[in-house]
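Below you'll find the structure, written out as structure tokens, and then a few comments.
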Ligand SMILES: [Zn+2]
Ligand SMILES: [Zn+2]
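Residue numbers (the numbering used here), protein chains in the order written: chain A, -14 to 374; chain B, -14 to 374; chain C, 3 to 144; chain D, 3 to 144.
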């Protein structure tokens, strides 16, 4: 297996992007990623695209094809990867593998999603179907916040996690979002704002939920030989990738206080990268809802099961704490364009490892190790990617 | 890069499968594939699924997740791969890569599609959108037969290929389909049947078109170490995979007498496998429409550009000819469950290489080399997989 | 927000017909007021949702068994913001309950005020036919 | 065929609004009877369909240019079996024509009997407003 590095990264402005179609939005990530890599579109031999809304949230049915045409990538091997909200990480894994096997020297992972071309109830309908349509949506109308709310209720009952604890996650992520010019939500909020926001699915309220966001992110990957040949200054190496899955039906899960797929994928990522949770300088974890971030702390191994709330209460996941998390604002404030999120997490970590982010949200680097934890669905998929400069 | 072999293969009955849902259909391929490999579901560390109809042609939005739960694969890393009609080959490539890089020892590629849970005009609508929705469907209502019909018209005008030549492809593929108990269409037909069938999109008629089919196919892949450890009798090795893409808009193509993506993907596959077209004992080529098979002969390199019609006229692509092609009936008669096709092609070639198919449709083996050519959309994607026993 | 020009795509309506041949006894059971699960004849494992194929041992020799309906709530939520096809419903409560046979069921929970619902609470699982004639099942007070 | 029991899924209607801000001059042009393409100011390449970003050199400095409308048919088909949203149309002919500027256009071809249409034939590209008020373009006799 060959070593693989990220040599270029680009990220569009996240938000309500009704000014651009899916191809134009992708271009806003692809162009800066190629420029960052000092490569051209023609250098890309393989491109894996993460997107889930094709044909439904936006009209184009073959997003890999139309974005490739728009960005000059036609000719390259193409595939669209779907792992629900972890599609971007799955695309990254696929592009990574194409290089690691020696089949390509330069590849791209592109995540792109348009979520605001249809109305919100229809979006809720689509996302609610992501699990077991037949047994958990058809008769019961579960929504995405509701699936996570089931976890929140159980976590609160078992460990005494409170609605205030959940709110603290939103407050932290909005704080960092306000420092990130790419973020969808850039307003700072208080615990009171969260607690007084409308209930979406008890116990989760509006400000416990990520917004509905359009966005794109792209990464250019290269083999070690290519990194040397191109004399890349600051390659960011892929140290290891872990993956796992959980049952479609939540009723088939063992418990509701954590995601088994996260635990398993994290273990595999740490094993393959020979890195421990303590070595990580900065992490992105999947905070589609506030409870998701608390569970991620525990499932990835930044604390013991049940101690996630303590971590956020003590400020250990802010800059200066034990492990700074979601310094780009996270899904909660940066936004969560489903298929783009995995690539955007890795974009952020690449910039963090290169110490190129806005100064007030730059994590201090000791080992130059970063971790991205990306969940698809409600623990249906999980991909964990470990990077090292 | 580690060597990878196919150690198990399964294929459901193809046809109108209104007796099973997507999970149950997948099970009909997964179970025999695992049994063939003498492996259990728990041995599978990674599974890539090819399917394109999720949420649209069938209600389940996360087919990788629901089929994994149904087949006992939960826990494995999962991803759904979309490359339109080449999704199965893209899934195969992804599962292959997971092993080649050393990240998994046993992986599965599963292709599954339900296409008959919605009405035919809606299916035509969905598939017609696979290209450039904005510029070629929205105002102009192109259908999938129509896209290929544009190629047929140009090929006929340029090379004198006739409607009778196209019909010969259908006649051949129905002949072999009639010998394949898994095939959707098992009736033999004549040139006259084809010519007198109703026009779908001039010059293509009903019998020039593949049927709308439900089906699933699964392959178990393993590393060389694992093949030895399991003492697999007849491993079928992956000799090389080539991939390429074409423009979304047909109006951006150079010509309409062949698919550039097929040419490029084939070249890459031959290069990486160090095999020449002449070495191939048996092939599966993408015959969604009769013209597609003729162009494939030329684009893959079994004959020169413009000589495809000659090849079928002379019977060179039947058993006993230069290069027997689509001995399972092809997409035309076996059927074309979009996301399953790539895996089903490789299923057939695995059985051919192991000399396990029905005697009257077994290709004679000289070099024990086989090739699968799988196009996505109208030359939007192409994957070419070379296998060697 | 400024007006952004856009092109409305051609509308598609989708409503796939999911085959239920292999699990039709489940719906027959609901009609008779029973909630059924499947049990693998080979390895003995009990499944809800019912499945015709055993994920554990890949056998397709299953038998249908009626569930006891005595359940304990493991978790719940109250869905206020609803998807498009549930817009006509009032907000609803969804719970996951563990039956004494060991399997879990996800369904609506009715007959309680939200403030009364607690994790660990005993409830009853009941088959139901909706006013619109649809077959379903729900948790209700014991 | 025997009857197979099935469950009809909840219907979803989809019709995304595709933003066209960056290519709105194209539709403005159609209104004025012009078919416009974009040309890259940096590398000079001409694009149809028009695009705000150059796939060749990745520049977004594009200018709008009017096409001559003189075209030669490269290929064509006649669509008899139509998709759901075109059911109300009669069968239609689609052609790809190459304009003298070198770009190609895919559009409906009207004003000919099917038997009259030949590859290599000269046609005219024309902007059009449909009876329903939709902006489009088509190939017509020269
Ligand atoms: Zn069993
Ligand atoms: Zn240019």
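For every residue, glycine included, the Cβ atom is placed at its ideal position computed from N, Cα and C.
All values derive from a computational prediction rather than experimental measurement.
Note to self: Quick check: is the beta carbon of residue 68(C) nearer than 8 Å to any beta carbon in chain B?
What the structure shows: Here the question's residue 68(C) lines up with position 66 in the third chain. No, its Cβ sits nowhere closer than 8 Å to a Cβ of chain B.
Check: Quick one: is residue 258(B) near chain A, going by C-beta distance under 8 Å?
Finding: Translated into the one-based positions of the second chain, residue 258(B) becomes position 273. No, because no Cβ of chain A sits closer than 8 Å to the Cβ of residue 258(B).
Notebook entry, point to check: Is any heavy atom in ligand 1 found nearer than 7 Å to the beta carbon of residue 58(C)?
Noted result: If you number the third chain from 1, residue 58(C) lands on position 56. Residue 58(C) Cβ: within cutoff of ligand 1.
Note to self: Within the continuous beta strand (DSSP E) that includes residue 337(A), where are the two ends?
What the structure shows: Here residue 337(A) is taken as the residue at index 352 of the first chain, counted from 1. It is not in any beta strand (DSSP E) - residue 337(A) instead sits in the alpha helix (DSSP H) that spans 326 to 338.
Next item on the list: Whole angstroms is fine: what's the gap from residue 44(D)'s alpha carbon to residue 59(D)'s?
Entry: Counting from 1 along the fourth chain, the entry for residue 44(D) is found at position 42. Counting from 1 along the fourth chain, the entry for residue 59(D) is found at position 57. Rounded to the nearest angstrom, the two C-alpha atoms are 8 Å apart.
Notebook entry, point to check: Taking the C-alpha atoms as reference points, what is the distance between residue -1(A) and residue 317(A)?
Noted result: In the first chain, the residue the question calls residue -1(A) occupies position 14. In the first chain, the residue the question calls residue 317(A) occupies position 332. Those two C-alpha atoms are separated by around 12 Å.
Notebook entry, point to check: Going by alpha carbons, who is nearest to residue 22(C) out of 9(D), 123(D) and 107(D)?
Noted result: The residue you call residue 22(C) lines up with position 20 of the third chain. When each option's Cα is compared against that of residue 22(C), the closest is 9(D).
Checklist line | Between the CA atoms of residue 52(B) and residue 124(C) - distance to the nearest angstrom | finding: The residue you call residue 124(C) lines up with position 122 of the third chain. The residue you call residue 52(B) lines up with position 67 of the second chain. Going from the Cα of residue 124(C) to the Cα of residue 52(B) covers about 33 Å.
Next item on the list: Measure from the C-beta of residue 21(C) to each C-beta in chain D and report whether the shortest distance is under 8 Å.
Entry: The residue you call residue 21(C) lines up with position 19 of the third chain. Closer than 8 Å to some Cβ of chain D, the Cβ of residue 21(C) qualifies, so yes.
Checklist line | Nearest to residue 236(B) (by Cα), restricted to the options 15(D), 129(D), 133(D) and 110(D) | finding: Position 251 of the second chain, counting from 1, holds the residue named residue 236(B). Nearest option by C-alpha distance: 110(D).
Item checked: Cut-off 8 Å between Cβ atoms - residues of its own chain near residue 240(A), not counting five sequence neighbours on either side -> The residue you call residue 240(A) lines up with position 255 of the first chain. Contacts found: 139.
Check: Any heavy atom of ligand 2 closer than 7 Å to the Cβ of residue 61(D)?
Finding: On the fourth chain, position 59 is the one that residue 61(D) refers to. Within the cutoff, so yes.
Next item on the list: Would you check whether ligand 1 has a heavy atom nearer than 7 Å to the C-beta of residue 194(B)?
Entry: If you number the second chain from 1, residue 194(B) lands on position 209. No, the beta carbon of residue 194(B) sits no closer than 7 Å to any heavy atom of ligand 1.
Check: So, is residue 259(A) buried or exposed, given that buried needs 16 or more other C-beta atoms within 10 angstroms?
Finding: Taking the first chain and counting its residues from 1, one reaches residue 259(A) at position 274. Per the 10 Å Cβ criterion, exposed.
Checklist line | Local conformation of residue 280(B) per DSSP, three classes | finding: Position 295 of the second chain, counting from 1, holds the residue named residue 280(B). Helix.
Checklist line | Straight-line Cα distance separating residue 193(A) from residue 98(C) | finding: As a position in the third chain, residue 98(C) is number 96, starting the count at 1. As a position in the first chain, residue 193(A) is number 208, starting the count at 1. Taking the straight line from one Cα to the other gives about 22 Å.
Margin query: Assess contact between the region 107 to 116 of chain B and the region 251 to 269 of chain B, defined as three or more Cβ pairs (one per stretch) separated by less than 8 Å. Is contact present?
Written below: no
Checklist line | Residues of the region 39 to 67 of chain D whose Cβ lies closer than 9 Å to any Cβ of chain A, in chain order | finding: 53, 54, 55, 56, 57, 58, 59, 60 and 62
Notebook entry, point to check: Quick one: does residue 374(B) have its CB under 8 Å from some CB of chain A?
Noted result: Your numbering for residue 374(B) matches position 389 in the second chain. No, residue 374(B) does not count as interfacial toward chain A.
Item checked: Candidates 55(C), 74(C), 73(C) and 72(C), of which the one nearest residue 65(C) by Cα -> Within the third chain, numbered from 1, the residue matching residue 65(C) stands at position 63. Measuring from the Cα of residue 65(C), the nearest candidate turns out to be 55(C).
Margin query: Rounded to the nearest angstrom, what separates residue 27(D) and residue 53(D) at their Cα positions?
Written below: Locating residue 27(D) in the fourth chain gives position 25, counting from the first residue. Locating residue 53(D) in the fourth chain gives position 51, counting from the first residue. Cα to Cα, residue 27(D) sits roughly 11 Å from residue 53(D).
Check: Among 132(D), 116(D), 5(D) and 11(D), which residue has its Cα nearest to the Cα of residue 121(A)?
Finding: Here residue 121(A) corresponds to residue number 136 of the first chain, with the count starting at 1. The candidate whose alpha carbon is nearest that of residue 121(A) is 11(D).
Note to self: Is residue 134(D) close to chain C? Criterion is C-beta to C-beta, closer than 8 Å.
What the structure shows: Numbered from its first residue, the fourth chain carries residue 134(D) at position 132. So, not an interface residue.
Notebook entry, point to check: Does at least one heavy atom of ligand 2 sit under 7 Å from the Cβ of residue 56(A)?
Noted result: Indexing the first chain from 1 puts residue 56(A) at position 71. Incorrect: residue 56(A) has no Cβ contact closer than 7 Å to ligand 2.
Check: Closest Cβ-Cβ distance between residue 255(B) and chain A: below 8 Å?
Finding: Numbered from its first residue, the second chain carries residue 255(B) at position 270. Judged by the 8 Å Cβ criterion, residue 255(B) is not in contact with chain A.
Item checked: Residues from the region 49 to 67 of chain B in contact with chain C, defined by Cβ distance under 7 Å -> 54, 55, 56 and 57
Item checked: Partner residues on chain A for residue 75(B), Cβ-Cβ distance less than 8 Å -> Translated into positions along the second chain, residue 75(B) becomes position 90. Chain A residues near residue 75(B): 64.
Next item on the list: With DSSP collapsed to three states, give me the class of residue 85(B).
Entry: Within the second chain, the letter at position 100 stands for residue 85(B). If DSSP states are grouped into helix, strand and coil, residue 85(B) belongs with the helices.
Note to self: With a threshold of 8 Å between beta-carbons, can residue 36(C) be considered close to chain D, or not?
What the structure shows: Locating residue 36(C) in the third chain gives position 34, counting from the first residue. False, the Cβ-Cβ gap to chain D never drops below 8 Å.
Margin query: Please identify, using Cβ separations under 9 Å, the residues of the region 90 to 104 of chain D that lie next to chain A, in order along the chain.
Written below: none
Notebook entry, point to check: Just reading off the beta strand (DSSP E) that residue 38(C) is part of, what are its end residues?
Noted result: Stepping through the third chain from its first residue, residue 38(C) is reached at position 36. Looking at the DSSP string, the run of the beta strand (DSSP E) that includes residue 38(C) is 38 to 42.
Next item on the list: State buried or exposed for residue 362(B), treating a residue as buried only when at least 16 other CB atoms are found within 10 Å of its CB.
Entry: Working through the second chain from its first residue, we reach residue 362(B) at position 377. Flag for residue 362(B) reads buried.
Note to self: As a quick exercise: from 331(A), 358(A), 369(A) and 309(A), pick the residue whose alpha carbon is nearest that of residue 347(A).
What the structure shows: Here residue 347(A) is taken as the residue at index 362 of the first chain, counted from 1. Ranking the options by Cα distance to residue 347(A), first place goes to 309(A).
Next item on the list: Quick one: grab the DSSP three-state call for residue 80(C).
Entry: As a first step, residue 80(C) is located in the third chain; it is residue number 78 there, counting from the start. In the structure shown, residue 80(C) sits in a strand (DSSP, three-state: E or B).
Note to self: One question on the structure: do residue 6(B) and residue 332(B) come within less than 8 Å of each other, judged by their Cβ atoms?
What the structure shows: Residue 6(B) sits at position 21 when you count from the first residue of the second chain. Residue 332(B) sits at position 347 when you count from the first residue of the second chain. In this structure, residue 332(B) does not lie closer than 8 Å to residue 6(B) by Cβ.
Next item on the list: Kindly indicate the opening and closing residues of the alpha helix (DSSP H) around residue 249(A).
Entry: Looking up residue 249(A) in the first chain gives position 264. Run containing residue 249(A): 245 to 258, per the alpha helix (DSSP H) assignment.
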